[in-house]
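**Student:** Input: one structure, supplied below.
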Amino acid sequence: MFLMSTITSGNTRGMAFWLMGNLSTSFQKSVYWILAVGFFAATGAIYTTANDLNLLLAGEKEAMHLGVDVPRVRLVVYIAASLLTGLAVSVSGAVGYVGLIVPHVMRLIFGSDHRTLLPTAALGGAIAVVFADTLARTIVAPAELAVGAVTAVVGAPLFIYLLHRRLA
2 MFLMSTITSG
12 NTRGMAFWLM
22 GNLSTSFQKS
32 VYWILAVGFF
42 AATGAIYTTA
52 NDLNLLLAGE
62 KEAMHLGVDV
72 PRVRLVVYIA
82 ASLLTGLAVS
92 VSGAVGYVGL
102 IVPHVMRLIF
112 GSDHRTLLPT
122 AALGGAIAVV
132 FADTLARTIV
142 APAELAVGAV
152 TAVVGAPLFI
162 YLLHRRLA
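By this note's numbering, the letter at position 159 of the sequence shown is numbered 160, and the numbering carries on one by one without gaps.
Have a look at this one:
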């Protein structure tokens, strides 16, 4: 909000739209290279920990007894996930509920094996965002909704359903 109050009025709408999630921006080619390198480095780092993450499903103590360096795995996953989140938000803004809903749905469909879950959750998240962007562009055409608004409308009830299902 502070940034929005300090910029010119012409840029306020674009900034507000970015804060709610927007995929209609274009970037220079150098930005795409930065995104690609960061994406592949972070994705590779997370995927190399898939077996350790599977062992962590049994609990930290059990994973340690099985030879997992839990602090190292946790650090690698936190750093790589933070990098991926930062890259995604820098491009599209804050698109909520995708990271909450899609992994849980993919876990219900494909199971808990992280060797399968990590790529399917990433692909499912990408498909969900493209679908939400398509809806955002067509629901009130020629105007355009923010992608975050569409994901919130769809994601909030799904989140409540998944939460209720887990508690039941």
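No residue lacks a Cβ here, since even glycine has one placed at the ideal position from N, Cα and C.
(1) Taking the C-alpha atoms as reference points, what is the distance between VAL131 and GLY156?
(2) With H, G and I counted as helix, E and B as strand and the rest as coil, what does DSSP make of VAL69?
(3) Tell whether a beta-carbon distance below 8 Å holds between VAL71 and GLU61.
(4) Considering Cα atoms alone, identify which of LEU119, VAL103, LEU109 is closest to VAL78.
(5) Does the structure place the region 43 to 62 close enough to the region 19 to 28 that three or more beta carbon pairs sit under 8 Å?
(6) Could you give the distance in angstroms between the alpha-carbon of ASP114 and the alpha-carbon of ALA51?
(7) Mapping the DSSP letters down to three states, classify GLU63 as helix, strand or coil.
(8) What three-state label does DSSP hand MET16 in the structure shown?
(9) Given that a residue counts as buried once 16 or more other Cβ atoms are within 10 Å of its Cβ, and exposed if not, what is THR49?
(10) For the alpha helix (DSSP H) containing ASP53, list its first residue and its last residue.
(11) Would you kindly report the start and end of the unbroken alpha helix (DSSP H) that includes ASP114?
(12) Taking 6 Å as the limit between beta carbons, can you name the residues of its chain near LEU67, skipping five residues before and five after?
(13) Considering only residues of the same chain and omitting the five flanking positions on each side of LEU101, which have a CB-CB separation below 8 Å?
**Tutor:** Considering the structure as presented:
(1) Position 130 of the sequence shown, counted from the first residue, corresponds to residue 131. Position 155 of the sequence shown, counted from the first residue, corresponds to residue 156. Their Cα atoms are separated by approximately 14 Å.
(2) Mapped onto the sequence shown, residue 69 falls at position 68. In the three-state DSSP reduction, VAL69 falls in the coil class, being neither helix nor strand.
(3) Locating residue 71 in the sequence shown gives position 70, where the first residue counts as 1. Locating residue 61 in the sequence shown gives position 60, where the first residue counts as 1. For VAL71 and GLU61, yes; Cβs fall inside 8 Å.
(4) The sequence position of residue 78 within the sequence shown is 77, counting from 1. Its Cα nearest to that of VAL78, the residue LEU119 stands out among LEU119, VAL103, LEU109.
(5) Short answer: they don't touch.
(6) Sequence index remark: in the sequence shown, residue 114 carries index 113 (1-based). Sequence index remark: in the sequence shown, residue 51 carries index 50 (1-based). Cα to Cα, the separation comes out at about 8 Å.
(7) If you number the sequence shown from 1, residue 63 lands on position 62. Correct three-state label for GLU63: helix.
(8) Mapped onto the sequence shown, residue 16 falls at position 15. Three-state result, MET16: helix.
(9) Your numbering for residue 49 matches position 48 in the sequence shown. Flag for THR49 reads exposed.
(10) Locating residue 53 in the sequence shown gives position 52, counting from the first residue. Per DSSP, ASP53 belongs to the alpha helix (DSSP H) from 51 to 57.
(11) Locating residue 114 in the sequence shown gives position 113, where the first residue counts as 1. That residue, ASP114, is in no alpha helix (DSSP H); it is neither H nor E in DSSP.
(12) Locating residue 67 in the sequence shown gives position 66, where the first residue counts as 1. Within the same chain, LEU67 has close Cβ partners LEU56.
(13) In the sequence shown, residue 101 corresponds to position 100, counting from 1. Closer than 8 Å at the Cβ level, and outside the excluded window around LEU101, lie GLY156, PHE160.
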